[in-house]
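A.B. asks:
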Amino acid sequence: MIDADAIVLPGVGAFQEAIKNLRPISDVILDQIQEGKPLLGICLGLQLLFTTSTEGGLHKGLDIFKGKVVQLPLHVKVPHMGWNTLRIVKPDSPLFEGISGGAYVYFVHSYYGDVENEDEIVSKTYYGTDFASALSKDQIFATQFHPEKSGVTGLQILKNFVEYVGS
Amino acid sequence: MMNGRVVKGIGFKDLRDAGDPVELASYYFQQGADEIVFLDVTASYEKRDILINVVERTSDSIFIPFTVGGGIRSLEDIRRILCSGADKVAINTAAVKDPNLIQQCARMFGSQCIVSSIDIKRVYLADETEAPERVILETPRGKCWWSIYIYGGRQEVNRDAIKWAEKVVELGAGEIVVSSLDFDGTKQGYDITFLRELSQRVSVPIIGSSGAGIPEHILEALTVGNADAALAASIFHYGTYTVREVKEYLAEHGVLVRL
Chain A
0 MIDADAIVLP GVGAFQEAIK NLRPISDVIL DQIQEGKPLL GICLGLQLLF
50 TTSTEGGLHK GLDIFKGKVV QLPLHVKVPH MGWNTLRIVK PDSPLFEGIS
100 GGAYVYFVHS YYGDVENEDE IVSKTYYGTD FASALSKDQI FATQFHPEKS
150 GVTGLQILKN FVEYVGS
Chain B
0 MMNGRVVKGI GFKDLRDAGD PVELASYYFQ QGADEIVFLD VTASYEKRDI
50 LINVVERTSD SIFIPFTVGG GIRSLEDIRR ILCSGADKVA INTAAVKDPN
100 LIQQCARMFG SQCIVSSIDI KRVYLADETE APERVILETP RGKCWWSIYI
150 YGGRQEVNRD AIKWAEKVVE LGAGEIVVSS LDFDGTKQGY DITFLRELSQ
200 RVSVPIIGSS GAGIPEHILE ALTVGNADAA LAASIFHYGT YTVREVKEYL
250 AEHGVLVRL
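These protein sequence lines are chains A and B, in that order.
Position one of the first sequence corresponds to residue 0 (numbering that gives the first Met the number 0), numbered consecutively onward.
Position one of the second sequence corresponds to residue 0 (numbering that gives the first Met the number 0), numbered consecutively onward.
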């Protein structure tokens, strides 16, 4: 990881199990981020970057994005599984270069990150509630959706991250 | 698919070659399909490696969710298929024979990976008293209940399809895909009555499969049938319509689609 140009934190599954598996290397990740290494968190990977999560109890995350991971409202079908649209809040984010507002991306999640600092929100999506579908802070990016499953739009987002790392 | 080639038939019979699955999947992906489903009908269990190879090559070429089903018998099968790159697995026969499989899968891989595939066929009756335990509904073709089939439509299981669907959701299935033996390959549409009834009873996404002949059938499945998604095969495989054309038709008629 130390030799890598960037870190990608993917994830499908439950917070508790994932953070437990991540603990042995979480110090390395945090050090690398301190040194300015780019990181992209995807889905559960986004949630792991938060201060805490309420999934399966109260658990601590990596505390990179200040806030809490909470469940989607119960008046909608959970998990949120399927295509939904992006409302881009930070259009000049390198992550969304060439992506237009209203683009569809693919979601599979029951929880979302409720971030304290609104400035860290890159895009919002509506599903039962308005939630942050993408976040960024310095060289750290995170998406609640799966860019690798989001067709051409997703591929462009991944490409944007790779180009950001290269620059 | 059979032996690594795409096939198409009517009522699950008279299968004809329709191309290379990876090429077709890639083509549909580029055309804007939202998801791809592979159903393997290869008779021989030993030819499993062909399927794994197709799954691996497909996951290298397409970047939308894809589901693999057909002859999946065990947790090990499921693990292999998911690890080869599939996002979800569709299970029919194995779940009917051992419903616990769904529960085990959901626990191990998550409900979002498990699609319950249900093959249905209408059993018409003159009188409701003929089948007291069944969910009987009025259809344009008469009163009926729906029985389920396993082994690729070859064996009937005397069981109510609606009740079975409710059961699989309780056990942890994340989605249900419904194929109708009455409508499959006939180009007469989907079993709308069944889809609508099921949508009112379960809280997971329902995918209608079998029967689309024209875009209007798909529109009907999504609106009147209240299905969350529609699966179509022969209208696309034989080039009668493109995915793009169907989506544009749906958008024109007020359905929210990804274009």
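Glycine included, C-beta positions come from ideal geometry on N, C-alpha and C.
Quick caveat: nothing in here was measured; it's all calculated off a predicted structure.
1. Does the structure place the region 129 to 136 of chain B close enough to the region 90 to 108 of chain B that three or more beta carbon pairs sit under 8 Å?
2. Can you tell me the Cα-Cα spacing of residue 202 (chain B) and residue 25 (chain B), whole angstroms?
3. Pick out whichever of B:141, B:90, B:248 has its Cα sitting closest to the Cα of residue 265 (chain B).
4. Ignoring anything shorter than 4 residues or poking outside the region 40 to 80 of chain A, list the alpha helix (DSSP H) runs there in chain order.
5. Under a Cβ-count criterion, where at least 16 other Cβ atoms within 10 Å of its own Cβ denotes burial, should residue 159 (chain A) be classed as buried or exposed?
6. Which stretch, first to last residue, makes up the alpha helix (DSSP H) that contains residue 30 (chain B)?
7. Starting from the C-beta of residue 148 (chain A), find all residues in its chain whose C-beta is less than 6 Å away, skip the five residues before and the five after it, and write them out in chain order.
8. Kindly say whether residue 0 (chain A), judged by its beta-carbon, lies nearer than 9 Å to any beta-carbon of chain B.
9. Three-state secondary structure (DSSP) at residue 121 (chain B)?
10. Rank B:96, B:33, B:100, B:136 by C-alpha distance to the C-alpha of residue 80 (chain A) and give the top, closest one.
11. Closer than 7 Å, Cβ to any Cβ of chain B: which residues of the region 95 to 114 of chain A, in chain order?
12. Leaving out five residues on either side along the sequence, give the residues of the same chain with a beta carbon under 6 Å from the beta carbon of residue 64 (chain B).
13. Could you have a look at residue 134 (chain B) and say whether DSSP puts it in helix, strand or coil?
14. Quick one, which of A:165, A:16, A:152 has its alpha-carbon nearest residue 257 (chain B)'s?
15. With DSSP as the reference, identify every bridge partner of residue 207 (chain B), one or two as the case may be.
16. Closer than 8 Å by beta-carbon distance: list the chain A residues that pair up with residue 111 (chain B), in chain order.
17. Could you check the C-alpha separation between residue 109 (chain A) and residue 124 (chain B) for me, to the nearest Å?
18. Taking a contact to mean a Cβ-Cβ separation below 9 Å, would you say residue 155 (chain B) touches residue 147 (chain B) in this structure?
19. Using the rule of at least 16 other Cβ atoms within 10 Å of the residue's Cβ for burial, across every protein chain shown, is residue 97 (chain A) buried or exposed?
20. What does residue 216 (chain A) touch in chain B if you count any residue whose Cβ is under 8 Å from its own?
21. Can you list the residues of chain A that residue 204 (chain B) reaches, using a CB-CB cut of under 8 Å?
22. By Cβ distance below 6 Å, which residues in the same chain neighbour residue 206 (chain B) in space, the five residues on each side in sequence not counted?
23. Quick check: the Cα distance between residue 59 (chain A) and residue 30 (chain A), rounded to an integer number of angstroms?
24. Relative to chain A, which residues along the region 120 to 151 of chain B have a C-beta separation below 9 Å, given in chain order?
25. Residue 125 (chain A): buried (16+ other C-beta within 10 angstroms of its C-beta) or exposed?
26. Under 8 Å, with one C-beta from each stretch per pair, do the region 210 to 224 of chain B and the region 64 to 72 of chain A reach the 3-pair mark?
27. Does any residue of chain B bring its CB to less than 9 Å from the CB of residue 47 (chain A)?
28. Who are residue 260 (chain B)'s beta bridge partners in DSSP?
29. Sort B:100, B:88, B:99, B:121 by Cα distance to residue 113 (chain B) and report the nearest one.
30. Considering only the alpha carbon of each residue, which of B:48, B:55, B:192, B:214 lies closest to residue 239 (chain B)?
31. What residues match up with residue 111 (chain A) in a beta bridge as DSSP calls it?
32. Taking CB distances under 9 Å as the criterion, tell me whether residue 35 (chain A) reaches chain B.
33. According to the neighbour-count rule (16 or more other Cβ atoms, all chains shown, within 10 Å of its Cβ), is residue 246 (chain B) buried or exposed?
34. Are the region 38 to 53 of chain A and the region 136 to 145 of chain A touching, with three or more C-beta to C-beta distances below 8 Å?
C.D. replies: This is what the structure holds:
1. No: the two stretches stay apart, fewer than three of their Cβ pairs being nearer than 8 Å.
2. Approximately 31 Å between the Cα atoms of the pair.
3. Nothing about residue 265 (chain B) can be reported from this structure: the residues present for chain B run from 0 to 258 only.
4. 43 to 46
5. buried
6. Unbroken alpha helix (DSSP H) run through residue 30 (chain B): 20 to 30.
7. 105
8. no
9. strand
10. Nearest in C-alpha terms to residue 80 (chain A), of all of B:96, B:33, B:100, B:136, is B:33.
11. 103, 105, 107
12. 34, 86
13. coil
14. A:152
15. B:177, B:229
16. 11, 78, 80, 107
17. 43 Å
18. yes
19. exposed
20. With chain A covering only 0 through 166, there is no way to say anything about residue 216 (chain A).
21. 76, 80, 81
22. 176, 228, 230
23. 18 Å
24. none
25. exposed
26. no
27. no
28. Past the edges of chain B, shown from 0 to 258, lies residue 260 (chain B), and the structure says nothing about it.
29. Considering only alpha carbons, the answer is B:88.
30. B:214
31. A:69
32. no
33. buried
34. As far as the Cβ criterion goes, the region 38 to 53 of chain A touches the region 136 to 145 of chain A, which means the pair count is three or higher.
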